[in-house]
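Q:
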Amino acid sequence: MKLRRTLTVAVAAAVATPLALTAAAPAVAATARIQDQPTYAELEKAAADADKAYKKAAAAEEQGRKDVEAEMAALDSDTHPLKAASLAADKAAKEAAEARTAAEQAVTDAEAALEAATTEAEKAAAQKALDEAEAARDKAVEAEREAKEKAKAARTALDDARVAALRKYNLVKEARKKALAAKEAADTALAEAKKCVRENGLTSRAVGLPSKVVAGTTVDFTLRVTNGTERTVSVDPLVFVNAQGGQQELLKTQWYDGSGWQTLKGDEPEHLDRIETMKPDARTDLKLRLKVAAKAKSGDALALFAADAFDAYKPCVLGVMARYDFKLLPAGSKPGDVDDAEPGKPAENDDQRPGAAKPGSGTSAQGGSSKQPAAAGAEAEGDLATTGSSGVTPIALAGAAAVALGAGAVFVVRRRKATDN
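See below:
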């Protein structure tokens, strides 16, 4: 059963809850756990949408910064209504304070005049003047209080406008940070999904490939691809047959595509037509043919087979590569009873690069039909398989293949196919 979810949900998960995208960790064999993950297409869309959202948020922050700088500059201008009102209120408060000081001085003067009065008429006049001065002082005190309150309110309004401008900028600044976190999470999830994973149960086995081939003859055999995993995958079978001693041009490898025999280029590993759908435990047999020119001399040759695959969740799923060594015999040779070429036993570490193994470290080949994948997150790089016949290094066994392809060329071809997928 395929995972059912809308892209909208995937995008929302990318932008709103970046941690949800960590579900795109390397593939696992259990079907239920695989189907809990977003598909690769969903991750791609989520990453693209998160990138758009971030760019939009970054542009909004940049515009917000310009806006707040302009608004702050305007608020600091004496011509801005709020700044002008604050300046006017401050001036009025200052004038009210000066008026109150003058009124208090008038009261002091009136009190002195009352004390200096000697006649009743003078005392009555001085008392009246004092009463009037005290009334004027009280009025000046009240006017000053009101002026101060207005000045404070005007300054508060100006400060509030500054704070509001900064808050608007902080909102877009915070939005950019969140959008960046979502973008990074989406990018990380997509990068994890792009990593190649190994499926040991995805196997390719040659059936009927003899251990000895006489020059001038044609050998028909079968490439058996088995999906011994719990994934439903599309498979690109990989084939490469190579002869040592400069005899590569004397080998011709063909495969039957259902309508006729197709010849492989032979100078590098090549993928056959895709097996669109292989369900768990499915098996597909492909017809192959090896033609050896009559002038071929005695020598060593090898055949490499692998199943490179992908599904809705991972664009790069690598089956274990199998290597078969066989002998080329001169034309007219009587090989007698010939057994089928056999792959070597699986290595303890099958994801090492060619030539990286130490002598006696083990050999890699047919992976069997195990349904257990390699360690999660282990990226299969350069899994050039070797036979199990000796303890020499993989490079020594690879012979002409290593010379013709260069270390890691097999992996390059497999990764290129994954990129195409």
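FYI, the numbering for the sequence shown is -29 to -1, 1 to 392, going by mature numbering (1 follows the signal peptide of the UniProt record, and there is no 0). Cβ coordinates follow ideal geometry from the N, Cα and C atoms, glycine included. Just so you know, these numbers come straight off a predicted model, no measurement behind them.
Tell me whether T224 is buried or exposed, calling it buried when 16 or more other Cβ atoms sit within 10 Å of its Cβ.
A: By one-based count along the sequence shown, residue 224 stands at place 253. Buried: at least 16 other Cβ atoms inside 10 Å.
Q: Go to M249, then tell me how far its beta strand (DSSP E) extends in each direction, as first and last residue.
A: Sequence index remark: in the sequence shown, residue 249 carries index 278 (1-based). Taken as a continuous stretch (DSSP letters only), the beta strand (DSSP E) holding M249 covers I246 to M249.
Q: Are the CB atoms of A157 and Q218 nearer to each other than 8 Å?
A: What you label residue 157 is simply residue 186 of the sequence shown in a count that begins at 1. What you label residue 218 is simply residue 247 of the sequence shown in a count that begins at 1. No, these two residues do not count as a Cβ contact at 8 Å.
Q: Is T90 buried or exposed, if buried means 16 or more other CB atoms sit within 10 Å of its CB?
A: To locate residue 90, count along the sequence shown from 1; it is residue 119. Result: exposed.
Q: Am I right that V210 and P240 are in contact with their C-beta atoms under 8 Å? What's the rounded C-beta distance?
A: What you label residue 210 is simply residue 239 of the sequence shown in a count that begins at 1. What you label residue 240 is simply residue 269 of the sequence shown in a count that begins at 1. 7 Å between Cβ atoms; contact.
Q: Note down the Cα distance separating T390 from A12, rounded to an integer number of angstroms.
A: In the sequence shown, the residue the question calls residue 390 occupies position 419. In the sequence shown, the residue the question calls residue 12 occupies position 41. For T390 and A12, the distance between alpha carbons rounds to 14 Å.
Q: What is the residue span of the alpha helix (DSSP H) that V46 lies within?
A: Position 75 of the sequence shown holds residue 46. According to the sequence provided, residue 46 is Leu. The question's Val does not apply to it. Note, L46: alpha helix (DSSP H), Y11 to L46.
Q: Along the alpha helix (DSSP H) that carries T72, what are the first and last residues, could you check?
A: Against the sequence shown, residue 72 aligns to sequence position 101. T72 -> alpha helix (DSSP H) spans P52 to A87.
Q: Do R245 and S304 come within 8 Å of each other at the CB atom, strictly closer than that value?
A: What you label residue 304 is simply residue 333 of the sequence shown in a count that begins at 1. What you label residue 245 is simply residue 274 of the sequence shown in a count that begins at 1. Their beta carbons are not under 8 Å apart, which means S304 does not touch R245 by this criterion.
Q: Quick one: Cα of E170 to Cα of A164, how far?
A: As a first step, residue 170 is located in the sequence shown; it is residue number 199 there, counting from the start. As a first step, residue 164 is located in the sequence shown; it is residue number 193 there, counting from the start. When rounded, the distance between both Cα atoms is 15 Å.
Q: Based on the DSSP output, what are the partners of Q233 in its beta bridges?
A: If you number the sequence shown from 1, residue 233 lands on position 262. W226, per the DSSP bridge assignment.
Q: Under the assumption that L257 contacts L222 (Cβ atoms under 8 Å), give the Cβ distance between them as a whole number of angstroms.
A: Position 286 of the sequence shown, counting from 1, holds the residue named residue 257. Position 251 of the sequence shown, counting from 1, holds the residue named residue 222. The Cβ separation is near 18 Å, so there is no contact.
Q: Note down the Cα distance separating E32 from N141, rounded to an integer number of angstroms.
A: For the purposes of this step, residue 32 is identified with residue 61 of the sequence shown, where counting begins at 1. For the purposes of this step, residue 141 is identified with residue 170 of the sequence shown, where counting begins at 1. Distance between the alpha carbons of E32 and N141: 9 Å.
Q: Could you work out which residue in A302, E313, Y284 and V291 is closest to D7 when comparing CA atoms only?
A: In the sequence shown, residue 7 corresponds to position 36, counting from 1. Looking at the Cα atoms, Y284 is the closest of the given residues.
Q: Can you give the beta carbon distance from L151 to L14, rounded, assuming they're within the 8 Å contact cut?
A: Here residue 151 corresponds to residue number 180 of the sequence shown, with the count starting at 1. Here residue 14 corresponds to residue number 43 of the sequence shown, with the count starting at 1. With a Cβ gap of about 18 Å, L151 and L14 do not count as contacting.
Q: Quick check on the burial criterion: 16 or more other C-beta atoms within 10 angstroms. Buried or exposed for R387?
A: Locating residue 387 in the sequence shown gives position 416, where the first residue counts as 1. So R387 ends up on the exposed side.
Q: Are the beta-carbon atoms belonging to E66 and A136 less than 8 Å from one another?
A: Position 95 of the sequence shown, counted from the first residue, corresponds to residue 66. Position 165 of the sequence shown, counted from the first residue, corresponds to residue 136. Not a contact, by the Cβ cut-off of 8 Å.
Q: Candidates R254, E69 and L46: which alpha carbon is nearest L129's?
A: Position 158 of the sequence shown, counted from the start, is the residue given in the question as residue 129. It is L46.
Q: Hey, A302 and V185: beta-carbon distance below 8 Å or not?
A: Here residue 302 refers to the residue found at position 331 of the sequence shown. Here residue 185 refers to the residue found at position 214 of the sequence shown. Yes, these two residues count as a Cβ contact at 8 Å.
Q: From the DSSP output, in three-state form, read off D131 for me.
A: Stepping through the sequence shown from its first residue, residue 131 is reached at position 160. It is helical.
Q: Drop a sphere of 10 angstroms on the beta-carbon of T197, count the other beta-carbons inside from all chains shown, and report buried for 16 or more, exposed for fewer.
A: Walking along the sequence shown from the start, residue 197 turns up at place 226. Looking at its Cβ environment, which holds 16 or more other Cβ atoms inside 10 Å, T197 is buried.
Q: Using the beta-carbon count (16 or more within 10 Å), is K16 buried or exposed?
A: As a working note, residue 16 is residue 45 in the sequence shown. So K16 ends up on the buried side.
Q: Could you check if A124 belongs to the surroundings of the ligand MG, using beta carbon to heavy atom distance under 7 Å?
A: Questions concerning the ligand MG fall outside what the structure shown contains, since it holds no ligand whatsoever.
Q: Please classify V175 as buried or exposed, where buried requires at least 16 other C-beta atoms within 10 Å of its C-beta.
A: The residue labelled residue 175 in the question sits at position 204 within the sequence shown. Strictly speaking, residue 175 in this sequence is Ser, with Val absent from that position. Buried.
Q: Taking the C-alpha atoms as reference points, what is the distance between K23 and G290?
A: Position 52 of the sequence shown, counted from the first residue, corresponds to residue 23. Position 319 of the sequence shown, counted from the first residue, corresponds to residue 290. About 36 Å.
Q: Alpha carbon to alpha carbon, how far is F192 from M249? Give it in angstroms, no decimals.
A: Counted from its first residue, the sequence shown places residue 249 at position 278. Counted from its first residue, the sequence shown places residue 192 at position 221. C-alpha separation (whole angstroms): 21 Å.
Q: Closer than 6 Å by C-beta to A77: which residues in its own chain qualify, once you throw out the five before and the five after it? Chain order, please.
A: Looking up residue 77 in the sequence shown gives position 106. Result list for A77: A104, in chain order.
Q: For T(-24), which residues from the same chain have a beta carbon less than 7 Å from its beta carbon, with the 5 sequence-adjacent residues on both sides left out?
A: Here residue -24 refers to the residue found at position 6 when the sequence shown is read from its first residue. Low per-residue confidence applies at T(-24): pLDDT is 27, beneath 50, and the placement is therefore not dependable, though the value from the model is reported in the following sentence. None.
Q: What does the alpha-carbon distance come out to for the pair K94 and R71?
A: By one-based count along the sequence shown, residue 94 stands at place 123. By one-based count along the sequence shown, residue 71 stands at place 100. Going by the C-alpha atoms only, they are around 25 Å apart.
Q: Return the CA-CA distance between P306 and N213, expressed in angstroms with no decimal places.
A: The residue given as residue 306 occupies position 335 in the sequence shown. The residue given as residue 213 occupies position 242 in the sequence shown. One C-alpha to the other measures close to 21 Å.
Q: Leaving out five residues before and five after W232 in sequence, what residues of the same chain have Cβ atoms less than 6 Å from its Cβ?
A: Here residue 232 refers to the residue found at position 261 when the sequence shown is read from its first residue. The answer, listed in chain order, is Q225.
Q: Is DSSP giving A284 helix, strand or coil here?
A: Here residue 284 refers to the residue found at position 313 of the sequence shown. Per the sequence presented here, residue 284 reads as Tyr, with Ala not at that position. For Y284, the three-state secondary structure derived from DSSP is coil.
Q: Can you name the residues that DSSP bridges to K298?
A: The residue you call residue 298 lines up with position 327 of the sequence shown. DSSP, once it has assigned bridges, lists K183 and D271 as partnering K298.
Q: Could you tell me the distance, in whole angstroms, from the CA atom of E350 to the CA atom of K37?
A: Mapped onto the sequence shown, residue 350 falls at position 379. Mapped onto the sequence shown, residue 37 falls at position 66. Residue placement at E350 cannot be trusted, given a pLDDT of 36 that sits under 50; what the coordinates show is reported in the next sentence. So the alpha carbons of these two residues sit roughly 46 Å apart.
Q: How big is the Cα-Cα spacing for K252 and G187?
A: As a working note, residue 252 is residue 281 in the sequence shown. As a working note, residue 187 is residue 216 in the sequence shown. The residue asked about is misnamed: residue 252 is Asp in this sequence, not Lys. One C-alpha to the other measures close to 38 Å.
Q: Between A18, A56 and A265, which lies nearest to T159 when the distance is taken from Cα to Cα?
A: Numbered from its first residue, the sequence shown carries residue 159 at position 188. Of the candidates A18, A56 and A265, the one whose C-alpha sits nearest the C-alpha of T159 is A18.
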